[in-house]
Each structure stands twice: as C-alpha cells, then as structure tokens.
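Trainee: Residue numbers (our numbering), protein chains in the order written: chain A, 1 to 258; chain B, 1001 to 1168. Could you have a look at this structure, given as structure tokens, before my questions?
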Amino acid sequence: MQTGSITVADQPLLRFVLQRADDALVLGHRLSEWNGKAPLMEEEMALSNMALDLIGQARALYTYAGEVEGVGRDEDAYAYLRDERAYLNVLLVEQPNGDFAVTIVRQMLYAAFIEPYWQRLMASTDATLAAIAAKAQKEAAYHLRHSAEWVIRLGDGTDESHRRAQDALDLLWPFTGELFEVSDAERSLLASGVAVDPAPLRAVWRETVSRVVADATLTLPADGWMQRGGREGRHSEYLGHLLTDLQYLQRSHPGATW
Amino acid sequence: MTDGLEHDDAARLAAVRRVAGEVPDPEIPVLTIADLGVLRDVAIENGRAVVSITPTYTGCPAMNVIRDEIVAAVEAAGLGPVEVRTVLSPAWTTDWMTAAGREALRNYGIAPPAPGPAPVTFFRTVPVACPRCGSTDTAEIAPFGSTACKSLRRCERCREPFDYFKTH
C-alpha cells in the first residue's frame, strides 16, 4: 500500500479523465459539506443526492484512470493520494459554498455546461468514456433543472434573495471562462474523437444561463477578466483546505479500510 | 458425455439467471433486479457463473448491497462459484423496467416512471398519476426524494403524498 503522495503519468488520456473526475469529486465534496445544515429538509436531500451522483461519476472515472495508467492504482489512490497541484479541476467547482445562493448559482453554472458536454461525449470513440457520459448526462439534467429553478426562485423572490443571487452570480462569473478552455491534453484527443471540444458549447451554455438569469430578473455580468489555471493544477487557496478535509483519514492512517 | 455437460451448463445457467434475478432491490424490496433491468447477462465461464449488472445511478449505494446479495444468493443455491461484473454500456434506463415491476411499484405506493428520456423543463414535470387514486392532478413537493431514483409528490385529489420513481 502506497502511503505518500503519488505522481501520475503525464499522459493525455489520463489527464483528460482526471480533469473530468476531479471536477465531479470536488463539486460533490463541496455539496456534501451541506450535510446536516441545509436550509430545508428537502434541500438537504437534494444537495446530498446531487453530491452522491457527482461522487459516483468521479468513482467511475477514477477507476477508468487506473486502467488507463495501468500501474495498479485504484479510485482511492487518485482521490486521496494526489496533492493539490496534481488536481486538474476547474476553479469554479472548488469555490467555497458561501450562502445557499452561491452554492446553487455555482451548481447552475456548472450543470448548464456539463449536461450538454456529457451529451456530446456520449459519441466519444472511447467506449468507457461514452458509457460514463451516458449515465452522467441523465444525472446532470436533473441537477440543471433543480439548480436553475432555485436561481429563478431566489432572483425573482424577495429583495434579500435577489441581492444574494446577484452577488453570487457576480462573484462566480470570472470562473466560468475556464469551462470552455481546451487543455493541451484535450487538444491531442480531439482529432481521434476521444474528447469533445468544449469551445463550441459556450453558445449553448450562454443560452441556458441567459434564459435562467432573465427569468430570475437578474443581470448577466459582463465578460471581463476570467480566472484560469485549475486544468494545469494551479488552484485558488480553497482547494488545499478542501483536500485536507477530504484526504485527512488516508493521510493520517495510511491504508485504513472499513 | 459432452451432451451431459452442456445440459448441466444450460440448467445451471437458467438457475443462476432465476436466482440472481430474484434478488430484491435493497431500498425498494418489491422490485427484483430483473424487474429493474439491472440484471444484464448471465454466463458460465470456465466453471464460474458470471452475473453482469448495470448500475442505476452512478452513485447509488444500493449497488454494493446488490452485488453482495447476488453472490450470497447464487452460492446459497449451490450454483457457485460466482463472479459479479459491472457493465456500464448501454446505460441503464427506467424504460427497461418490466411491466410486472411497474405494477409492483404502483401497488407498493410508488408511481412508476414515465417513458424516457426526461426533458429538462423548469417548474414543469410530466403528468404523474397518483398510485392510490389514479388522479393525474398531482404536484411535485421535492425533486430529490429518499433515494436517488425517486422524487416526492402529492396528490391534489386524495391529498396523499407519494414517491415517484423518476424517469432516467
């Protein structure tokens, strides 16, 4: 049993799979942080259900990463034994939960991207990725619906909920540009049809988000400076804190099982 | 001799299919994994029974229990050794649920899933009939229910709350 941090091979398909897996795990972990303190019982269940879907997607992807790398690593090795700089998720998903508005706006911004993304990845020439995408797309569709309805309720609700929803949108907007970036790992997989180009999805995403924001009586922020770096392992300060929580047990008690 | 072996294999295959297929869903015990469409294939490979299942939701915790229960059931029936494999493709859909499964769900008080795929709509859902009185005048209370596969609804006619097995 390996106990220290692992370094993964620099291989395009492996990096691509880990990018997808890390987005799902980090966002799933963030949602799980609401366990026991969500604003409503129904929302407690919704956030936990969405977390479960995302962590399930991450597990399938990490397991596949293990097959791709081929050095005998299981899903847990990638989740628990990689340091912050080896995580390849976008910065959006690691942003703190904030108030409920920040959590649900973050979810909507991500779901509006990932639902059509999985839809397209279902046509991947990589059979495993296509199979995982087919499952994840259906789950993401429910996440999109749920988070979008909440954004509309909050924005079109009271002055206070409107203000909080708008603040959340303004806060998170600079993290949305990174969703459409093409990493070097992805670029080399586009020609063979393994990966899909996220850039053309911007228009689809923008249409969904604009519709939700308009229904919510919120104002779409202007596209200004966009934060980036997560896909190469350069993260905001928050991911390190998240990982200390997520990885604590395996790091303190290496190889612990139950 | 060869004929005998083939016959034995065919009989064992049918028995494994029946025993594995009768394993109940741990969270909705009126449904078997055959009803759910989770059981995908059964084979005999080098003397081992191989049962292939497909996960419902990727994060559904019931899958681990189902896996253990298949092994226990097949071994208890003297049909082992057995191996359970997970297949991801084609992705599970509620459209695979059997007619008997749908009826069992309704009798249990859970509205069976509408045909897929589920459209992404905001503040609108497909009409769902109340499993008790049959009225389609029902409303969603919460889109995520007690398990990953269900939402919570209420009948506006008989006023009973009920679970709806979501289209997937």
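All residues carry an ideal CB built from backbone N, CA and C; glycine is no exception.
Show which residues of chain A have a CB atom less than 7 angstroms away from the CB atom of residue 1138(B).
Mentor: Within 7 angstroms Cβ-Cβ: nothing; residue 1138(B) doesn't reach chain A, min ~17 angstroms.
Trainee: Tell me which residue opens and which closes the beta strand (DSSP E) that residue 1039(B) is part of.
Mentor: Residues 1039-1045.
Trainee: Residues of the region 137-155 of chain A in Cβ contact with chain B at a cutoff of 8 angstroms, in chain order, please.
Mentor: Answer set for the region 137-155 of chain A: 138, 139, 141, 142, 144, 145, 146, 148, 149 and 152.
Trainee: Under 6 angstroms Cβ to Cβ from residue 253(A), same chain only, skipping five residues before and after it: list those, please.
Mentor: Excluding residues within five positions, none has a Cβ falling inside 6 angstroms.
Trainee: In the DSSP output, which residue or residues are listed as bridge partners for residue 1103(B)?
Mentor: None; residue 1103(B) has no bridge partner.
Trainee: List the residues of chain B whose Cβ lies closer than 7 angstroms to the Cβ of residue 49(A), in chain order.
Mentor: Within 7 angstroms Cβ-Cβ: 1144 and 1148.
Trainee: What residue range does the alpha helix (DSSP H) around residue 131(A) cover?
Mentor: 127-155 is the span of the alpha helix (DSSP H), which, as asked, contains residue 131(A).
Trainee: State yes or no: is the C-beta of residue 25(A) within less than 8 angstroms of the C-beta of residue 58(A)?
Mentor: Yes, the pair counts as a contact, with Cβ atoms nearer than the cut-off.
Trainee: How would you label residue 244(A), buried or exposed, when you count the other beta carbons within 10 angstroms and need 16 or more for buried?
Mentor: Flag for residue 244(A) reads exposed.
Trainee: Measuring alpha carbon to alpha carbon, tell me which of 133(A), 137(A), 206(A) and 173(A) ends up nearest residue 1119(B).
Mentor: Residue 137(A) is the option with its Cα nearest to residue 1119(B).
Trainee: What first and last residue would you give for the beta strand (DSSP E) that runs through residue 1053(B)?
Mentor: Its beta strand (DSSP E) spans residues 1048-1053.
Trainee: Could you confirm whether any beta carbon from chain A is found closer than 8 angstroms to the beta carbon of residue 1052(B)?
Mentor: So, not an interface residue.
Trainee: Let me check one thing: in DSSP terms, what residues is residue 1138(B) bridge-paired to?
Mentor: Residue 1138(B) is bridged to 1155(B).
Trainee: Name the chain B residues whose beta carbon is nearer than 9 angstroms to that of residue 19(A)?
Mentor: None at all; the shortest Cβ gap to chain B is about 17 angstroms.
Trainee: Report back the beta-carbon spacing between residue 221(A) and residue 189(A) to the nearest angstrom; my notes put them in contact at under 8 angstroms.
Mentor: Going by Cβ atoms, the distance from residue 221(A) to residue 189(A) rounds to 32 angstroms, so no, they are not a contact pair.
Trainee: Which ranges does the alpha helix (DSSP H) cover as unbroken runs of at least 4 residues, wholly within the region 69-105 of chain A, from first to last along the chain?
Mentor: If we require 4 residues or more, the alpha helix (DSSP H) runs fully inside the region 69-105 of chain A come out as 75-80 and 91-94.
Trainee: Could you tell me the distance, in whole angstroms, from the CA atom of residue 1002(B) to the CA atom of residue 1008(B)?
Mentor: Any answer about residue 1002(B) is weak, because its pLDDT of 47 lies below 50 and its placement is not dependable; what the coordinates show is given next. In a straight line, the C-alpha of residue 1002(B) is about 10 angstroms away from that of residue 1008(B).
Trainee: Using DSSP's beta-bridge definition, name the partner residues of residue 219(A).
Mentor: Beta-bridge pairing links residue 219(A) to no other residue.
Trainee: In chain A, which residues lie less than 8 angstroms from residue 1120(B) when you measure between Cβ atoms?
Mentor: Going along chain A in sequence order, the residues near residue 1120(B) (Cβ under 8 angstroms) are 115, 141, 144 and 145.
Trainee: Looking only at DSSP bridge pairs, what is residue 1163(B) linked to?
Mentor: 1110(B) and 1152(B).
Trainee: With a CB to CB cut of under 6 angstroms and the five nearest residues on each side skipped, what residues in its chain are close to residue 113(A)?
Mentor: Here the set comprises 179 and 205.
Trainee: Using CA atoms only, rank isn't needed, just tell me which of 1114(B), 1123(B) and 1135(B) is closest to residue 145(A).
Mentor: It is 1123(B) whose Cα lies nearest to the Cα of residue 145(A).
Trainee: Which residues in the same chain as residue 73(A) place their Cβ atom closer than 6 angstroms to its Cβ, once the five residues preceding and following it in sequence are excluded?
Mentor: Around residue 73(A): 66.
Trainee: By DSSP, does residue 1002(B) sit in helix, in strand, or in coil?
Mentor: No answer about residue 1002(B) holds up, because its pLDDT of 47 lies below 50 and its placement is not dependable.
Trainee: Distance check for residue 1047(B) and residue 1011(B), CA to CA, integer angstroms please.
Mentor: About 13 angstroms.
Trainee: Quick one: list the residues of chain B neighbouring residue 108(A), beta-carbon separation under 8 angstroms, in chain order.
Mentor: Here the premise fails: no neighbours, minimum Cβ distance about 11 angstroms.
Trainee: Just checking: is the beta-carbon of residue 1155(B) within a distance shorter than 8 angstroms of some beta-carbon in chain A?
Mentor: No, because no Cβ of chain A sits closer than 8 angstroms to the Cβ of residue 1155(B).
Trainee: Consult DSSP for residue 1083(B) and reduce its assignment to one of helix, strand or coil.
Mentor: Note: residue 1083(B) maps to strand in three-state DSSP.
Trainee: In whole angstroms, give me the CA-to-CA distance for residue 186(A) and residue 9(A).
Mentor: Distance between the alpha carbons of residue 186(A) and residue 9(A): 15 angstroms.
Trainee: Is DSSP giving residue 63(A) helix, strand or coil here?
Mentor: Helix at residue 63(A).
Trainee: Is it buried or exposed, residue 1035(B), if we count other Cβ atoms within 10 angstroms and call 16 or more buried?
Mentor: With 16 or more Cβ atoms within 10 Å of its Cβ, residue 1035(B) is classed as buried.
Trainee: Under 7 angstroms Cβ-Cβ, which residues of chain A neighbour residue 1010(B)?
Mentor: Those do not exist, as residue 1010(B) stays about 30 angstroms from chain A at its closest Cβ, beyond 7 angstroms.
Trainee: Less than 7 angstroms between the CB of residue 173(A) and some heavy atom of the ligand ATP, yes or no?
Mentor: For the ligand ATP, the structure offers nothing, since it holds no ligand at all.
Trainee: Should the region 113-131 of chain A be called in touch with the region 189-199 of chain A, which here means at least 3 C-beta pairs below 8 angstroms?
Mentor: Judged by Cβ distances under 8 angstroms, the region 113-131 of chain A makes contact with the region 189-199 of chain A, as three or more pairs qualify.
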